[in-house]
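K.L.:
I'd like to ask some things about the structure below.
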Amino acid sequence: FERYYRSILALPGGRARAVILYDYLPEDLVRNYSTSDGVVSFKKVNISQIDKLMGLNDLRFLVFEEQVKQHPEWETIFMTDIKDVMAVHNPCAFVGRTPDKLFVGSQPNNMKP
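According to my numbering, the sequence shown is numbered sequentially starting from 14.
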């Protein structure tokens with residue numbers, strides 16, 4: 014988490030926001046890592062209404078969808094796993110040039126520490 018957090022704060026040119034969705038995190042972590050300018054914020058989600066047989070990998074897409082529907086003002090959205098992702102640049106401008114495309118990707122190698 015720490016590497017993801019630092020990478021969002023260090024993006025050249027800024028303008029990216031990270032909304033971290035969670036069902037449980039310690040309150041001190043949420044308080045300590047939320048930024049006053051909203052660059053990093055946390056949103057507690059209720060997963061109790063979601064089918065208990067659904068796996069976490071699938072469940073997260075329902076949670077993402079709910080958030081997107083609640084925020085029509087969001088222009089460009091990236092859904093990532095913060096466990097093994099680092100932001101190295103803000104891709105919003107690139108995506109803005111091709112708004113009719115869906116970008117899906119993977120990383121063939123593990124990140125180096």
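Even glycine gets a Cβ: it sits at the ideal position worked out from N, Cα and C.
Buried or exposed: where does V76 fall if 16 or more other Cβ atoms within 10 Å of its Cβ makes it buried?
P.N.:
It is buried - the Cβ of V76 has at least 16 other Cβ atoms within 10 Å.
K.L.:
Could you check which residue in L66, L22 and V58 has the C-alpha nearest to that of D50?
P.N.:
Nearest option by C-alpha distance: L22.
K.L.:
Would DSSP call F74 helix, strand or coil?
P.N.:
Residue state, collapsed to three classes: helix.
K.L.:
Return the CA-CA distance between F107 and V81, expressed in angstroms with no decimal places.
P.N.:
So the two alpha carbons sit approximately 20 angstroms from each other.
K.L.:
Cα separation between T93 and P25?
P.N.:
Near 19 angstroms, if we compare the C-alpha coordinates of P25 and T93.
K.L.:
Helix, strand or coil for I33? Go by DSSP, reduced to three states.
P.N.:
Three-state DSSP puts I33 in a strand.
K.L.:
Alpha carbon to alpha carbon, what distance is there between T48 and E88?
P.N.:
Roughly 21 angstroms separates the two Cα atoms.
K.L.:
My output table needs one value for S47: the three-state DSSP class, helix, strand or coil.
P.N.:
In the structure shown, S47 sits in coil (DSSP, three-state: anything other than H, G, I, E or B).
K.L.:
Determine the DSSP secondary structure at F55, reduced to helix, strand or coil.
P.N.:
Three-state DSSP puts F55 in a strand.
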